[in-house]
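Throughout, our numbering is defined as the position within the sequence shown, counted from one, plus 45.
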Amino acid sequence: MVMKFGGTSVQTEESRKHVIKHIRRNVESGKKVVAVVSAMGPKGDPYSTDTLISLLKMSENR
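What follows is the structure in structure tokens.
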């Protein structure tokens, strides 16, 4: 299953938690999931890719 989330879906911490919950629910039900996430746009960082990478690193440390 491919799940695509637009930029506003990952813009805030609350919305990211909702996305993660949605992905987990599908994985736990036995589905193989590929999550596609659009860049949220530059907000504080020069490049949105940098923002996504930093969020990934933060989630790995939890």
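The beta carbon of each residue, even a glycine, is placed where N, CA and C say it ideally should be.
- Note: Ala-80 is bridge-paired with Met-48 in the DSSP secondary-structure output.
- Under the three-state reduction of DSSP output, Asn-71 falls in the helix class.
- With distances taken between CA atoms, Gly-51 lies nearest to Val-81 out of Met-103, Val-81, Leu-100 and Ser-104.
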